[in-house]
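Everything on this sheet refers to the single structure shown next.
Residue numbers (my numbering): 66 to 459.
What follows is the structure, encoded as structure tokens:
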């Protein structure tokens, strides 16, 4: 197999159109595509990095028979951080030695994670690591420019989808022979740079095509609201307008089930789950708990997650349209696919690998185009320089 880059001669009009669609939209948006793919790849292991940074406060040194009520933990948080909003959520763990995690936000400073001892109420750590990943996620979804930035990312994602489809068409050999199979599925590591770069553009892209398509399509679902609504309608996750009126109303003087009791009941009901996330941004003004029961709760994802709305006063599930919970489960499902949490660490590794390959494709594609441009320019220069010599000889 030679070091030269394979070329398809005698392309049809359709073939030339596909080649044009693969080349020029990709070149125009190359820098943006690299940026979007790179920021997305960085986020994949955000939860592991956050846990590593906070490994000294994930567990408490001493446990007791009874935990402090969650409402008391929230009051302690408010006293410690009077300038901050209510915690966005609290995460409780089945392991009795685990600390409780609260998502905090202070206007002007951004988000952080607060770790508290569930037995003493002591604040173990206020960690800002999540802020870096929060910024990366906002850059990934909107370029930190809500509105116009979202549309720019949407268009770039559509361009990348076109690149993947046209790339597969261009990669597909016209004839399946031993030589074309070898050239299509293997990288010639000892080849010259131009051929090596060509292989690095084509071969890894083929092997990660399915995961790149999943990441692209789920990214469109998250970012492109009309597509998300269409998907919800198709899978029965649209409860229709006005369903919020069916949520249990807050009653100030009525006794309610403590948050700890609800968490303990859910852990008993779901023995395979390890973490429960309770939304706490409005703890004193609503008559229900919104919870996610999962194997693992991440910054923006849940692994093996089920969503529930619990009536504060009865302690049971709120009487809501089935489509409401279906909406939450569908949304958690495609977010898990996008974040790589669909199959634990294996899913994250596959997603991270796909993200790295996706990040490299605009770079290797640009180098292929630049190399051909330089080669064609050199060939034209040589032919022009040789013509006068040929005339003198005749």
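Where is the CB? At the ideal position from N, CA and C, for every residue including glycine.
With 16 other Cβ atoms within 10 Å as the buried cut-off, status of residue i
i, result
"residue 188", "buried"
"residue 243", "exposed"
"residue 295", "exposed"
"residue 458", "Residue confidence is low: residue 458 scores 43 on pLDDT, short of 50, so the model does not pin down where it sits. Its coordinate-derived value is still stated next. Looking at its Cβ environment, which holds fewer than 16 other Cβ atoms inside 10 Å, residue 458 is exposed."
"residue 286", "buried"
"residue 320", "exposed"
"residue 265", "buried"
"residue 140", "exposed"
"residue 209", "exposed"
"residue 162", "exposed"
"residue 258", "exposed"
"residue 250", "exposed"
"residue 314", "exposed"
"residue 85", "exposed"
"residue 362", "buried"
"residue 439", "exposed"
"residue 318", "exposed"
"residue 98", "buried"
"residue 96", "exposed"
Proximity below 8 Å, CB of residue i to CB of residue j
i, j, result
"residue 184", "residue 144", "no"
"residue 207", "residue 182", "no"
"residue 87", "residue 283", "no"
"residue 248", "residue 422", "no"
"residue 364", "residue 343", "no"
"residue 267", "residue 237", "no"
"residue 281", "residue 204", "no"
"residue 302", "residue 395", "yes"
"residue 373", "residue 386", "no"
"residue 340", "residue 359", "yes"
"residue 418", "residue 103", "no"
"residue 353", "residue 376", "yes"
"residue 186", "residue 137", "yes"
"residue 219", "residue 289", "yes"
"residue 149", "residue 332", "no"
"residue 322", "residue 380", "yes"
"residue 463", "residue 70", "There is simply no residue 463 to check, as the chain begins at 66 and stops at 459 in what is shown."
Among the options, nearest to residue i - alpha-carbon criterion
i, options, result
"residue 109", "121, 195 and 150", "195"
"residue 115", "161, 177, 80 and 76", "177"
"residue 415", "278, 128 and 192", "278"
"residue 272", "82, 252, 291 and 290", "252"
"residue 200", "101, 130, 254 and 437", "101"
"residue 202", "334, 126 and 105", "105"
"residue 405", "276, 349, 345 and 262", "276"
"residue 293", "437, 239 and 393", "393"
"residue 413", "111, 83 and 223", "111"
"residue 338", "356, 351, 222 and 349", "356"
"residue 26", "146, 179 and 400", "The displayed coordinates of the chain run from 66 to 459. Any statement about residue 26 would go beyond what the structure contains."
"residue 239", "80, 329 and 113", "80"
"residue 274", "233, 291, 129 and 262", "233"
C-beta neighbour in chain C for residue i, strict 8 Å
i, result
"residue 439", "Absent here is chain C; the protein component of the structure consists of one chain."
Inset, instruction - Kindly confirm or deny that the stretch 418-431 and the stretch 79-98 touch, where touching means at least three C-beta pairs closer than 8 Å. - result: yes
Legend entry - Unbroken stretches of the beta strand (DSSP E), 3 residues or longer, contained in the stretch 126-214: 154-158, 165-171, 175-181 and 188-192
Legend entry - Length at least 3, wholly inside the stretch 214-240: the beta strand (DSSP E) runs in chain order: none
Inset, instruction - Return the chain-ordered ranges of every alpha helix (DSSP H) run that is complete within the stretch 249-287 and spans a minimum of 4 residues. - result: 258-272
Legend entry - Unbroken stretches of the alpha helix (DSSP H), 4 residues or longer, contained in the stretch 363-423: 387-404
Legend entry - Sufficient close CB pairs (3 or more, under 8 Å) joining the stretch 147-157 to the stretch 167-177: yes
Legend entry - At least three beta-carbon pairs within less than 8 Å, the stretch 349-369 to the stretch 395-409: yes
Legend entry - Ranges of the beta strand (DSSP E) found wholly within the stretch 283-324, counting only runs of at least 3: none
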